[in-house]
Amino acid sequence: MRIWPGEPYPLGSTFDGMGTNFSVFSEVAERVELCLFDDAGQETRIALPEVSAFCWHGYLPNVGPGQRYGYRVHGPRDVWAGHRCNPAKLLLDPYAKAVDGVTEFDEAAFGYHFGDPDGEANELDSAPFVGKAVVVNPWFDWGNDRPPRTPWHETVVYEVHVKGFTVTHPDIAEELRGTYAGLATNEAIEHFQRLGITAVELLPVHQFVHDAHLVDRGLRNYWGYNSIGFLAPHNEYSSAGMRGQQVQEFKAMVMRLHEAGIEVILDVVYNHTAEGNHLGPLLSFKGIDNNAYYRLVPEDRRFYMDYTGTGNTMNMRHPHVLQLIMDSLRYWVTEMHVDGFRFDLASALARELHDVDRLSAFFDLIQQDPVVSQVKLIAEPWDVGEGGYQVGNFPPLWSEWNGKYRDTVRDYWRGEHTRLGEVAYRLTGSPDLYAANGRRPSASINFVTAHDGFPLTDLVSFNEKHNEANGEGNRDGESHNRSWNCGVEGSTDDPDVLQLRARQRRNFLATLMLSQGVPMLLGGDELGRSQGGNNNGYCQDNEVSWFDWVNADEILLEFTRWLVDFRSQHPVFRRRRWFDGRVIKARGMADIVWFRPDGEELDDDDWNGSATALGMFLNGLAIATPDARGEHVVDESFIMLLSAHFEAIDFQLPKVLGDVFELVIDTTIALPPELDPEVEAPLYRAGEPVTVGPRSVVLLRKLE
107 MRIWPGEPYP LGSTFDGMGT NFSVFSEVAE RVELCLFDDA GQETRIALPE
157 VSAFCWHGYL PNVGPGQRYG YRVHGPRDVW AGHRCNPAKL LLDPYAKAVD
207 GVTEFDEAAF GYHFGDPDGE ANELDSAPFV GKAVVVNPWF DWGNDRPPRT
257 PWHETVVYEV HVKGFTVTHP DIAEELRGTY AGLATNEAIE HFQRLGITAV
307 ELLPVHQFVH DAHLVDRGLR NYWGYNSIGF LAPHNEYSSA GMRGQQVQEF
357 KAMVMRLHEA GIEVILDVVY NHTAEGNHLG PLLSFKGIDN NAYYRLVPED
407 RRFYMDYTGT GNTMNMRHPH VLQLIMDSLR YWVTEMHVDG FRFDLASALA
457 RELHDVDRLS AFFDLIQQDP VVSQVKLIAE PWDVGEGGYQ VGNFPPLWSE
507 WNGKYRDTVR DYWRGEHTRL GEVAYRLTGS PDLYAANGRR PSASINFVTA
557 HDGFPLTDLV SFNEKHNEAN GEGNRDGESH NRSWNCGVEG STDDPDVLQL
607 RARQRRNFLA TLMLSQGVPM LLGGDELGRS QGGNNNGYCQ DNEVSWFDWV
657 NADEILLEFT RWLVDFRSQH PVFRRRRWFD GRVIKARGMA DIVWFRPDGE
707 ELDDDDWNGS ATALGMFLNG LAIATPDARG EHVVDESFIM LLSAHFEAID
757 FQLPKVLGDV FELVIDTTIA LPPELDPEVE APLYRAGEPV TVGPRSVVLL
807 RKLE
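For reference, each letter of the sequence shown is one residue, going 107 to 810 in my numbering.
Set out below in structure tokens:
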């Protein structure tokens, strides 16, 4: 088979209608073979004829979509110097846009022989045991697809797993359950729309590998934080096939969600790969150019710097690694039409040498990129390395998972001694973290629960984690998931215990949806999903993690729907700008007023002390956000009363705030009065006491 020189760019395999150009970067390679596989698995090897600026390339006429391929890289193997080339190993193209097959952890997939990691090279052929890259068809009819471009302050994020959401859904066709196509069905989209969310944040969909230690225990990497292909949609979520069909199916899903006004945000894992540490398999990057792709220990380059807890860390100091990540991000925006990214362990991406650097090359590239800088960017602002906790320290373009919001709100509702000023900061968008560098409340992605930890029902039901099924002796699970039944002790048969747990769920949801910032709801919390006390379901690809549609808590679902809709109707709960305490001259009241249960405004001692009860007045006339015509939005005004005390508390409503208030929410009852036609919302007059039940939220609307 004759091969032409081709072009060094774009990297990866690119079909032009007549043939396919192949290009792969390796600075250390001495020769690179392109390996083609037919339907019977027979391999044809062709040496790439040209190298330009360390990019090995060639063009094959009459080779098109569906063609499976990989690379064999000839070069040095000197593990002490960080070189791990081994032409016996079939290597996945780092720019593969689709992958066929899955990795099997046969000894052939490793660069050494088991039991002798520093010994002679393992020359067993890995091709039968690893996935192959696939040439894809780049053409897709996007029709009139347009990104929803939901403004940040109107965004409600729904974190969800592609498979877990639909795999047991009784109304979705069985062949579509657990797939991209399943997420695009009318049944799935109807749930999103009725819930009122504006964006789905998908757990990792980059091609990933199931870890060997999990497979050996009969488990799987359910969450998918083990990427091996940064441009390829994970093939196991495809209902149509693995020979490029997954690309078309993913695009169709995005288009369908956009038609429904729902944005697609990807949880992306660029900080490490599935190849692990020096004992991990040799699947792609290690064999192509180990020194370039990974951070190695300078004193002994056999070993990998591990800021991620997974065995390796990508080398963000190398220009070709940065190029790979930026090319991947642009590809998902321009070709796959996604609307944003949540970056896993984003602090690891910012490490230039060892310290986290807010002005690292990665952030510089994001800032100046005309494509990536225009989509939603969310950082998980920590990693496992020293100094890795960086909440509040990311550049102005970024929003962040606000871990301090999660911890403060959890502590408050479980009765911990929480500084009142800290609670107020979290309720108002965390200005202490984000206001100083030009960011707005939307920089704070507020959440109480996420995939990593207990779902909401377990958060209020378990004192201890129960991760025995993970096979690690219940030693796994993050420390921030300690005791979370929020003081609700007793038997599950005790109706008082069950009522209090249900109330705590409503407290968390109401706090989340009524706080300034961007709320993120963990998928399934609205249904009462439980993991049976497992707070680390990363390996549980089964009923532990999947949605239980049959036993959904319909009352909780209705409450959550109402909350999301209520937030969307009232700009006072989703301000674009910070509260500043300014007084609205027409009414003589500030944009926000804080007060104690006795009706007096909080003083310095109150702010610095701990308390379980807090009142806040939100002035609807003070929305500091002009609408599209430049006119200031006017909303209704509300009083929010929070009490984490174990007994009922009477609040005095300050007379200066108004005369009459109507009850909107009381979390001691299952549903807001508005949803029960037989219940008339009670009215309260200023100066009169409002009883707030034990551990509950009360929201009042000011009546003119």
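Beta carbons: idealized from backbone N, C-alpha and C, even for Gly. A quick note: this is a predicted structure, and the numbers were derived from the prediction, not measured.
C-beta contact flag for residue i and residue j at 8 Å
{"i": "residue 241", "j": "residue 169", "result": "yes"}
{"i": "residue 637", "j": "residue 582", "result": "no"}
{"i": "residue 489", "j": "residue 453", "result": "yes"}
{"i": "residue 455", "j": "residue 432", "result": "no"}
{"i": "residue 271", "j": "residue 629", "result": "yes"}
{"i": "residue 343", "j": "residue 238", "result": "no"}
{"i": "residue 801", "j": "residue 750", "result": "yes"}
{"i": "residue 757", "j": "residue 699", "result": "no"}
{"i": "residue 633", "j": "residue 606", "result": "no"}
{"i": "residue 635", "j": "residue 653", "result": "yes"}
{"i": "residue 770", "j": "residue 778", "result": "yes"}
{"i": "residue 197", "j": "residue 320", "result": "no"}
{"i": "residue 219", "j": "residue 213", "result": "yes"}
{"i": "residue 614", "j": "residue 519", "result": "yes"}
{"i": "residue 626", "j": "residue 263", "result": "yes"}
Distance between beta carbons of residue j and residue i, contact taken as under 8 Å
{"i": "residue 177", "j": "residue 208", "result": "No, residue 177 and residue 208 are not in contact; Cβ-Cβ is about 19 Å, not under 8 Å."}
{"i": "residue 261", "j": "residue 624", "result": "5 Å"}
{"i": "residue 314", "j": "residue 306", "result": "19 Å between Cβ atoms; not a contact."}
{"i": "residue 424", "j": "residue 375", "result": "Not quite, the Cβ-Cβ distance comes to about 18 Å (not below 8 Å), so this is no contact."}
{"i": "residue 135", "j": "residue 180", "result": "7 Å"}
{"i": "residue 631", "j": "residue 727", "result": "That pair is no contact at about 33 Å."}
{"i": "residue 174", "j": "residue 393", "result": "Not really, about 18 Å apart at Cβ, beyond 8 Å."}
{"i": "residue 544", "j": "residue 484", "result": "Actually they are not in contact, since the Cβ atoms of residue 544 and residue 484 sit about 17 Å apart, beyond 8 Å."}
{"i": "residue 200", "j": "residue 430", "result": "6 Å"}
{"i": "residue 476", "j": "residue 681", "result": "Actually they are not in contact, since the Cβ atoms of residue 476 and residue 681 sit about 29 Å apart, beyond 8 Å."}
Buried versus exposed, by CB contacts within 10 Å (16 or more), residue i
{"i": "residue 250", "result": "exposed"}
{"i": "residue 265", "result": "buried"}
{"i": "residue 111", "result": "exposed"}
{"i": "residue 722", "result": "buried"}
{"i": "residue 145", "result": "exposed"}
{"i": "residue 647", "result": "buried"}
{"i": "residue 589", "result": "Unreliable positioning characterises residue 589 in this predicted model, as indicated by a pLDDT of 43, which lies under 50. A coordinate reading is not provided."}
{"i": "residue 415", "result": "exposed"}
{"i": "residue 322", "result": "exposed"}
{"i": "residue 741", "result": "buried"}
{"i": "residue 107", "result": "exposed"}
{"i": "residue 124", "result": "exposed"}
{"i": "residue 587", "result": "Its pLDDT being 47, under 50, residue 587 is placed unreliably in this model, and the coordinates cannot settle the point."}
{"i": "residue 337", "result": "buried"}
{"i": "residue 120", "result": "buried"}
{"i": "residue 292", "result": "exposed"}
{"i": "residue 786", "result": "exposed"}
{"i": "residue 591", "result": "With a pLDDT of 49 at residue 591, under the threshold of 50, the modelled position of that residue is not reliable, and the figure given next carries that caveat. Buried: at least 16 other Cβ atoms inside 10 Å."}
{"i": "residue 550", "result": "buried"}
{"i": "residue 192", "result": "buried"}
For residue i: DSSP bridge partner residues
{"i": "residue 807", "result": "744, 768"}
{"i": "residue 288", "result": "DSSP lists no partner for residue 288."}
{"i": "residue 449", "result": "374, 485"}
{"i": "residue 351", "result": "Beta-bridge pairing links residue 351 to no other residue."}
{"i": "residue 184", "result": "189"}
{"i": "residue 155", "result": "For residue 155, which the question treats as bridged, DSSP gives no partner whatsoever."}
{"i": "residue 120", "result": "127"}
{"i": "residue 314", "result": "333"}
{"i": "residue 163", "result": "129, 156"}
{"i": "residue 628", "result": "265"}
{"i": "residue 701", "result": "707, 721"}
Test: residue i CB closer than 8 Å to a CB of chain B
{"i": "residue 427", "result": "This model lacks chain B altogether, as it is built from one protein chain only."}
Check: residue i C-beta below 7 Å from any heavy atom of the ligand ZN
{"i": "residue 113", "result": "In the structure shown, the ligand ZN is absent, as is every other ligand, since no ligand is present at all."}
Report yes or no: do three or more beta-carbon pairs, one from the stretch 229-240 and one from the stretch 259-277, lie closer than 8 Å? no
Is it a yes or a no for the stretch 214-227 touching the stretch 382-402, going by three-plus beta-carbon pairs under 8 Å? yes
Is the stretch 637-646 in contact with the stretch 565-575, if contact means three or more CB pairs nearer than 8 Å? yes
Would you call the stretch 395-414 and the stretch 178-188 in contact, with 3 or more CB pairs under 8 Å? yes
Check whether the stretch 615-631 and the stretch 666-677 are in contact - that is, three or more C-beta pairs closer than 8 Å. yes
Touch test, the stretch 343-353 against the stretch 282-297, Cβ-Cβ under 8 Å, three pairs minimum: yes
Would you check if there are 3 or more beta carbon pairs closer than 8 Å linking the stretch 760-775 to the stretch 708-717? no
Is the stretch 680-687 in contact with the stretch 524-538, if contact means three or more CB pairs nearer than 8 Å? yes
The stretch 357-367 contacting the stretch 391-400, beta-carbon criterion three pairs below 8 Å: no
Is it the case that the stretch 539-559 contacts the stretch 493-503, given that we only count it when at least three CB pairs across the two stretches are under 8 Å? yes
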